[in-house]
Structure formats: C-alpha cells, structure tokens
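As they're listed, the protein sequences go chains L and Z. One gets the numbering used here by counting positions in the first sequence from 1 and adding 1 to each. One gets the numbering used here by counting positions in the second sequence from 1 and adding 39 to each. Just so you know, even glycine gets a beta-carbon here, dropped at the ideal spot from N, CA and C. Here is the structure we will look at.
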Amino acid sequence: MAQQPTSQKERNDDYYWPVGDFVGPILFIAMAIFFIVGGLRMPTRGASGFVTAAGFTPVLLGSIVIVLNLLLMYLILKGYGYRSVIGWARSWMQDELTRRWFVLTLIIGGYVLMVGRVPFVLANAIFFAVVFSYMRAGNRGQIVLYTVVSSVIVAIIVPWLFALPVP
Amino acid sequence: MNWDILTQEWSLLPQMAWSVLTSPLTLISLVVGGFLGLIGGILPGVSAVMAMTLMLGLVFRLPVDAGMGLLIGIYSAAIYGGSLTAILLNIPGTPAAAATVLDGHPMARKGQAREAIGAATWASFVGEVGGEIGTFLLLPFVAVVALKLGDWEVFLVSLMGITLAGALGAKTPLKGWISAFVGFLIAMIGTDPIWGVFRYGYTPELMRGIEFIPVLIGLFGLTEVFWVLREKVPYQLVEDPGRMIWPKGVLRKHFDVVLRSIVIGIGIGIVPGVGESVSPWVAYDTAKRTSKEPEKFGTGYIPGIIAPEVANNATSGGALIPMFVLGIPGSGTTAVLMAALFMYGVRPGPLLIVEHPGFIAKTIFLFWMSAVVFRLLSWYLSSFVIRVLSIKREVILPIAVALGVVGAWGTGFTTFDVGVMFIVGVVGYLMRLRGYPMAPMVLGVLVGPIADYSLRRAILTYQDNLFAMFTRPIAVVLTVFWIAMLFSQFRLAEKSFFQIPTRETAKESE
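In structure tokens:
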C-alpha cells in the first residue's frame, strides 16, 4: 500500500501526476503521423501493390500507435478532465527530481555536442569537471583528481585497450 | 523428426568445450567479464543489462568467442553481484536481486550476513548450472520445430513476442504495447531489405538506419543514469561482509525449492521481454505458498534467499531458447547478447542451428564456465569488491555515460550514433517516468525488421493465393494461439487495460 500523502501539495501532485500521460501520447501521435505520411509517399513496386511496398509496415504500425495513444488520452480525459493538464504541468515544473534531471540532461547534452568537435580528452575533462561539481562528488581537490583519472580512463586507456579510434 | 539436428548440439558439446578451454583469450575474457559484472552488480544503479550494454560497443574488437565470453561473464556475475548489496545494504544492485532483499537483509541485520551471502552464492551457482542444463536439453527440440517455420510463421511468432512482451512488461498493458510498437516503428528507418527503397532516408546516416547499439545504450545505460543520479540515496553497510559462510546441507534440505525455482526460471525466461526481473518474485511467492513455514518468509529465512537466487540465474538459460531458435530475445540481457551476435554476423533464428553447428553448445558451455568463474571470484574477491561501494555513484555513473558515448561512437564512427544514444536516453527516461517499460521497446527495435521482412515476403510468396498462407498447419496453430493469447490478455488484464492510469500503476512498472 502506498503511504497516504500528508500535505495539500502532495495530494495535488498525486492527483495530477497521471495527467502527464496526456502529453506523451500527443508526441507519439505526431511521430506516428510523420511515419504514416512518409510511408504513404514511398514508391510501390511489384504486382501486389501497397501491401508489399516499403511503406506498408510503417503505415500499419503508425496506425496502431495512434489508436493505442488515443485510447490512453481518452482514459486520462475521462478520469481527470482538461483542466488537470495545467495542474500537472505546474507540479511537474516545481518537482526537485525533474529539475535535477533537467540539469543533468543539459550537461550530458553539452558533452554529446562537444564529441567530435573538440579533442576527446578535453571534452571528457570538461564534462567530468562540470558533472562532478554539480553532483558534489567531493571537495575541489577530489574533483580535480576524479576528473583527471576519469578522462584518462575513458579517452586514453579504454580506446587503447580495444584499439578503438576516438571521436 | 530430424534426429541429426536434434542430437547435433549435444554431440558437439565436448568439442566446443575443448575449444573454449584451450583458448586463453576466451578464458581471460570470462574472468574479466566476471570481475566487471561483479563490480557492476554490486553498484546499485548499474544493472546487468547496463554493464553489458556499455561493453557492447567495444567487444566487437574481440573475436566472437572472447566477446561472447566477456558479455556472458558480466551477465552471470552481475546477476549474482546484485544480491550482495541486496543483503548488505537493503538495496538490490540489480532488478534481478530485488526479491533477495526480503530475506537477505533481515538475515544480515541478525548478524548472519556471511551465511546469507553463502546461500545466495551457492543458489546462484546451482540456478545457473541447472538452468543451462534444462535449456540445453530442451532447446534442440524447439529448434527442430522452428526449422519448419516459413516467413508467415516467423512473422506470427514475432508478433506473439511483441504482444506478450508488451502485455507482461508493464502494469498497464496499453503502455507496454505502445512502447513495443514505437520500438518497432523506429526499426523501420533505413533501407528496405526487399526493394532497396530508403525509408525516411533524409540523411546518409538515416539511409543506413538506426543502429540498435546506440538505442540499447541510450535505453538501458543513459536512462538508468538519469534515473539514479536525480536523487541521492546514501549507502549504509550493515556489517563488514568478510568471507562468506556456507550453511551446510541447506540446498539438499530445500531441494524442492531449488528444483521448482529452476523450472520457474526457465519457464519465465522463455517468455519474451519478461526476464530475470520477474522470475525471482514468482519463485519467491511459490516457495512461500508451498512452504510449511510461510510465516518465516520475510524474517531472514534461507529458502527466501534460495528461491529468487536460483530463479534469476536459471532465467538466463530459458531466455536463450527464444533468442537462439526464434530470434526473439527473452530478456533485456539476451537482447544485448543478440545485438552482439548480429555484430559478429551470427543471425539468431531457426537457421542458426544449421548455419552455425555447435554455436549453441559453445554458448551454453560459456555459461557453465561463467558460473564457475563467478563462484570462484565471489569466494576470493567478494569481501574486497564490496569496497567499491565506497566509490560514490556520482563518480561512477558519469564515467558510465562517457563509456556509453565511446560505445555508441564505436558502432559506426559517427557522432550521429552518439546523438541517437542521447535522444533515446532522454526519451527513455521520460517514458520510464510515465510507467512505459523499456524491454518491449528494445524487443520492437530488434524484432521489428524480422517481422516486417517476413510479413511482406510471405505476402509476395503467396500473392496469387493469399488464403493458402492461413491454411498452413503451423500457421493455423500459431494464429489460434496468438488470438487466444490476445483474448486472454484482454480478459485477464481487462481492469488494467481500460483502467484510468494512476501514479501507483506507473510506479509498479518501474
């Protein structure tokens, strides 16, 4: 059994939480429409027509994804109504875990952008220094040590062990 | 019945065993894999599948035997390693060890941590060996039947796998199916294998298609890192583990629990997309229900450790059956093994037993060897390895991210794959947050191309008489089975399928 929420805020968060499921299906449906449109534009070859064309399976799958997501959206609206979407968005933005995840995504996203554009050792050193500092992995001296050791392991030792060219 | 095929793998076992034992590189890979797996399993937040996925982009530089040895070594040892933290910290190191917490940690709190670790070690060893023996005896029979499958039957089997994985992988089957079909859709990007038409080939990389390794690293690696690092959970060791103690005669005394858990492990392993996260719970529940002392479960009772540990290791065997014979991975970990096989040019499926004689026997032998390796490593190193817990997760997991980047880059030496890994990781995190399971999505990505190719090739083959496609005996059986399965899923899950989602249902799917 889940613990009973104590404060009004927790009650609101728990109530609004499932409404986030309304947003996901919108994105999945958009993706499915993109796949269906692309699939319909693909050339048809052979005597059997569209059923053996390259676009047949994506169109079929896109349709299934749309139906399943519409069902999920219907269930959310039936259970919570339109207004709860705003309440969910507000509680999601104020969530501590969400903020932490968002910052981590930005840091890792920045690292991914650096890969292939700046020397790999440098990209790793910047990434590790920033992420260790944000995660408070230790004092300043420890962070420098962790950064150097991690960068050497990832950018030099591992690629050398597996004879792998680095980006 | 084709007796030659049936007995082929059994008769090739000694030869394959000898080739493994005389290959120093393979043996070293098994030991290195075992060591890495033990560390990965011990670190909460690094699951078996994550540890394997991180190595996936690197192993293809090794020969096939050594690469498989490394991955199998990680697999077995990580599943076992997860139980050490479950017992000592009350935090399962891997999802497979979640049920071990129930009796393992209470034993540790009573000052019997070394006995609990001893029981978990031997139970894991017996589960691994027993599970693989059962699988090895069963597998050739399934393989002989699988050889009779045509394109249409292969499509039906793929469809059954995706349907079942979607329905069983999540608390709400609707989200499981969405996850599976989205994975299937992603797999459609690239070049159509039948007509050579580019599907969504807007860039040269998209013409090549989305490689499954960056997808796997994103889903199992990056998603997991986001999941763990967003909150801080401090470790607190109950006691210094020291060297394990083996409570004598326990396995003999609870032989029925061992045997039942092996059967449960293999059985659940065969079901696509479910794997070792589920089997320990079923085995624990069965052991409790059939016990003469059910009230002792949850208080630090040895069978409560034996049942989940035997089952989660036996599952690795069962999960090999659909992977080898049908090309459908039974769990996340076998999905990674299957991805590795693709990289080596070995295509799992009905023809594997014909195209690569002895390969199945060799893999089974590698699993047995890995059981011996992790047993030895655990005896000599577990008290030492447990000290890696003093390294903060805030240090280990960013290194895992960077290794994931190296692995994704190594797939095609393009930053496009690194970008795919990142995007899939972010999307995977958001999906997991909403209770969408990851395993069906991976299954969709891996099995999707096979299902698509088989379906359209079957239609091309029977284009003059499509009705004939539905009258093939095996196809009829499979179609009836699939419809019954679909019907039963709706009937059984009627409440949850059309149920309005709640926060609890999503949490239970995590």
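Residues of the same chain with a CB within less than 7 Å of the CB of V98(Z), apart from the 5 flanking positions on each side, are G106, L109, L110 and A379 in chain order. Exclusion of the five residues before and after L416(Z) leaves G73, F74, L77 and A116 as the residues of its chain whose Cβ lies within less than 7 Å of its Cβ.
Taking every protein chain shown into account, the CB of D456(Z) has 16 or more other CB atoms within 10 angstroms, so this residue is buried. Collapsing the DSSP output to three states places F452(Z) in coil.
Cβ contact annotation for I341(Z) (same chain, cutoff 6 Å, sequence separation greater than five): A158 and V289, in chain order. With a beta-carbon spacing of about 3 Å, A353(Z) and G304(Z) fall inside the 8 Å limit used to define contacts.
For W216(Z), the number of other beta carbons within 10 angstroms of its own is at least 16, and it is reported as buried.
Residue contact check for M227(Z) against chain L: a CB pair falls below 8 Å.
For A478(Z), there are no C-beta contacts with chain L under 8 Å, since the nearest C-beta of that chain is about 17 Å from it. At a cut-off of 8 Å between beta carbons, P437(Z) contacts chain L.
One thing to note: A125(Z) has its Cβ within 8 Å of the Cβ of G143(Z).
From the listed residues M460(Z), M524(Z) and P488(Z), the smallest Cα separation to V116(L) is found for M460(Z). Each of M32(L), G110(L), L62(L) and V149(L) was checked against the Cα of G257(Z), and the nearest Cα belongs to G110(L). The three-state secondary structure of R238(Z), taken from DSSP, is strand. Sequence-distant Cβ neighbours of V104(L) in its own chain, meaning closer than 8 Å and more than five residues away, are Y135. Beta-bridge pairing by DSSP links T230(Z) to F237(Z).
When DSSP states are grouped into helix, strand and coil, V116(L) belongs to the strand group. Taking a beta-carbon distance threshold of 8 Å, I498(Z) counts as an interface residue toward chain L.
Between I344(Z) and T160(Z), the beta carbon gap of about 10 Å keeps them out of contact (Cβ cut-off 8 Å). For I154(L), the chain Z residues whose C-beta falls within less than 8 Å of its own C-beta are I438, listed in chain order. With 16 or more other Cβ atoms inside 10 Å of its own Cβ, V113(L) counts as buried. Scanning the stretch 74-156 of chain L for uninterrupted alpha helix (DSSP H) segments of 4 residues or longer gives 85-94, 97-115, 121-136 and 141-153, listed from N- to C-terminal end.
When Cβ-Cβ separations below 8 Å define contact, V145(L) makes no contact with chain Z. For D324(Z), the enclosing alpha helix (DSSP H) covers residues S318 to T329. For A379(Z), the enclosing alpha helix (DSSP H) covers residues G371 to M382. DSSP places H395(Z) outside both helix and strand once states are collapsed to three, so it counts as coil. Taking the C-beta atoms as reference points, T58(L) is found nearer than 8 Å to L494(Z). Against chain Z, a Cβ distance below 8 Å from G39(L) picks out R238 and Y239.
Interface flag for G458(Z) against chain L is set, since a Cβ pair is found closer than 8 Å. Residue environment for W407(Z): buried (at least 16 other C-beta atoms within 10 angstroms of its C-beta).
In this structure, the beta-carbon distance from W191(Z) to A514(Z) falls below 8 Å.
Counting along the chain, the unbroken alpha helix (DSSP H) around Q54(Z) starts and ends at W42 to L60.
Within 10 angstroms of the beta-carbon of I438(Z) lie 16 or more other beta-carbons, which makes it buried. According to the DSSP assignment, F180(Z) belongs to the alpha helix (DSSP H) that extends over A152 to A185.
Closest option to V440(Z), judged by alpha-carbon separation, among M89(Z), M146(Z) and V181(Z): M89(Z). For the stretch 41-71 of chain L, residues whose beta-carbon sits nearer than 8 Å to a beta-carbon of chain Z comprise M43, P44, R46, G47, A48, S49, V52, T53, A54, A55, G56, F57, T58, P59, L62, G63, I65, V66, L69 and N70.
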